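**Q**
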Ligand code: B12
Ligand code: SF4
Ligand code: SF4
């Protein structure tokens, strides 16, 4: 296992842990969250529920998950220091080229190392795509706790991290789960959310979350939704910016794979509202903006411009 973790560090992962695959101990929480309608129109979460509740169903013979964290923090957690005004704000995780591509390649290299260490084993890589309960597996792999804002928080890195997972049929020795809840009596994230999207601790109604509205929601905004979005053009960082664990421990990444791109981190809002589809595709192909796409980003930009 040491060899696998050593390779993960060489590849640039900030932390790595191993979880044994079993039934998700918080399957009931997922069921309740879905039944309450908190997933909004993200129908894929309903479709994938059985696999999220039992990740052994994702891949035949899967027994272990090698779980990685990658730091994407780009600087201050002080929202006042973020680019604002007519430019609008973009969540930090999206400031560079598409993380699915960058991390996908690194995870494939880590998977090769796993297959070398345990010969005959098979692997499958996932990052934010697929039915993998990523935060749950990260907590089980000892990488941190699930905060009241639902983020996986590493005690020495904070929560501005991507989670990447390699599933394997190799029987790897697991790490101990991270059992402590270090939120204590704090509730800053719940109080700071601009749209009061948290129904309670670890219970987010995605329909009111700016990240959902600007990235996952399809169709035009109602007046209420446009007002909720405020000056956020893509995603939202507020419930992470205010977290004391980020204020104290988040450190700027020097990873060249996540070097910020000005046209993504600080796009020109007015230009986005008028940009033709071809021009949008040329500029933003291979960036996180392709998820809402030309239509979604035009809608977001119009809401920010007209607020
Ligand atoms: C759907 C989704 C969203 C939705 C819904 C968010 C949500 N809170 O569920 C929307 C679009 C709103 C969203 C927003 C964001 N997302 Co998102 N999202 C996902 C996705 C695809 C699925 C999450 C999911 O299943 N949600 C349903 C809930 C019920 O499940 P869950 O979050 O896994 O929660 C489990 C635990 O909380 C557990 N549980 C419940 N109670 C308790 C109690 C204890 C003690 C324990 C241990 C566990 C536990 O039970 C739940 C069910 O198993 C994951 C990738 C993935 N495949 O997992 C990324 C992911 C969670 N997102 C991520 C990111 C970065 C974001 C944003 C920060 C992006 C941004 N800046 O705009 C925001 C943060 C919003 C927030 N506070 O959650 C990262 C999080 C990394 C991290 N360090 O935690 C992930 C893991 C993607 C990745 N691979 O890096 N996201
Ligand atoms: S991402 Fe923003 S809108 Fe969504 S829960 Fe966090 S603070 Fe609220
Ligand atoms: S802001 Fe406070 S309550 Fe919220 S996740 Fe961070 S420590 Fe936990």
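In this note's numbering, the protein residues as written are -16 to 290. Note that CB positions come from ideal geometry on N, CA and C, so glycine has one too. Since the structure is predicted, the reported quantities are computational estimates derived from the model, not experimental observations.
1) For residue 9, which residues of its own chain have a beta-carbon under 7 angstroms away from its beta-carbon, when the five flanking residues on both sides are left out?
2) Going by DSSP in three states, residue 120 sits in which element: helix, strand or coil?
3) Do you know how far the Cα of residue 34 is from the Cα of residue 264?
4) Leaving out the 5 sequence neighbours to the left and right, which residues in its chain are closer than 8 angstroms to residue 163 when beta-carbon positions are compared?
5) Tell me the rounded alpha-carbon separation between residue 234 and residue 211.
6) So which of 222, 165 and 117 has the shortest CA-CA distance to residue 176?
7) By the 10 Å Cβ neighbour count, where 16 or more other Cβ atoms means buried, how is residue 157 classified, buried or exposed?
8) Do the CB positions of residue -5 and residue 89 come within less than 8 angstroms of each other?
9) For residue 287, I'd like the list of residues in its chain whose CB is within less than 6 angstroms of its CB, leaving aside the five on either flank, ordered along the chain.
10) Rounded to a whole number of angstroms, what is the C-alpha to C-alpha distance between residue 102 and residue 245?
11) Taking contact to mean 3 or more Cβ pairs, one atom from each stretch, closer than 8 angstroms, check whether the segment 35 to 50 and the segment 143 to 156 are in contact.
12) Ordered along the chain, which non-local residues of its own chain (more than five positions away) have a Cβ less than 6 angstroms from that of residue 6?
13) Skipping 5 residues on each side, what residues in its chain have a beta carbon closer than 7 angstroms to that of residue 266?
14) Helix, strand or coil for residue 212? Go by DSSP, reduced to three states.
15) Identify, in the order they occur along the chain, each residue of the same chain with its Cβ nearer than 7 angstroms to the Cβ of residue 225, setting aside the five sequence neighbours on each side.
16) Apart from the five residues just before and just after residue 151, which ones in its own chain have a Cβ nearer than 6 angstroms to its Cβ?
**A** This is what the structure gives:
1) The residue you call residue 9 lines up with position 26 of the chain shown. 119, listed in sequence order.
2) Position 137 of the chain shown, counting from 1, holds the residue named residue 120. Residue 120: helix per DSSP, three-state reduction.
3) Residue mapping note: residue 264 aligns to position 281 of the chain shown, counting from 1. Residue mapping note: residue 34 aligns to position 51 of the chain shown, counting from 1. About 34 angstroms.
4) Here the question's residue 163 lines up with position 180 in the chain shown. The answer, listed in chain order, is 128.
5) Against the chain shown, residue 234 aligns to sequence position 251. Against the chain shown, residue 211 aligns to sequence position 228. The alpha-carbon atoms of residue 234 and residue 211 are separated by roughly 29 angstroms.
6) For the purposes of this step, residue 176 is taken as residue 193 along the chain shown, with counting starting at 1. Comparing Cα positions, the closest option is 222.
7) Taking the first residue of the chain shown as position 1, residue 157 is located at position 174. Buried: at least 16 other Cβ atoms inside 10 Å.
8) As a position in the chain shown, residue -5 is number 12, starting the count at 1. As a position in the chain shown, residue 89 is number 106, starting the count at 1. Yes, the Cβ-Cβ distance between residue -5 and residue 89 is below 8 angstroms.
9) Counting from 1 along the chain shown, the entry for residue 287 is found at position 304. Within the same chain, residue 287 has close Cβ partners 71, 214, 216 and 252.
10) Within the chain shown, the letter at position 119 stands for residue 102. Within the chain shown, the letter at position 262 stands for residue 245. Using only the alpha carbons, I get a separation of about 44 angstroms.
11) yes
12) As a working note, residue 6 is residue 23 in the chain shown. So the list reads 37, once near-sequence residues are dropped.
13) Along the chain shown, one-based indexing puts residue 266 at 283. Answer for residue 266: 246, listed in chain order.
14) By 1-based counting over the chain shown, the position of residue 212 is 229. Helix.
15) As a first step, residue 225 is located in the chain shown; it is residue number 242 there, counting from the start. Excluding positions up to five away in sequence, the list reads 171, 172 and 175.
16) As a position in the chain shown, residue 151 is number 168, starting the count at 1. Correct list, in chain order: 47, 97, 104 and 106.
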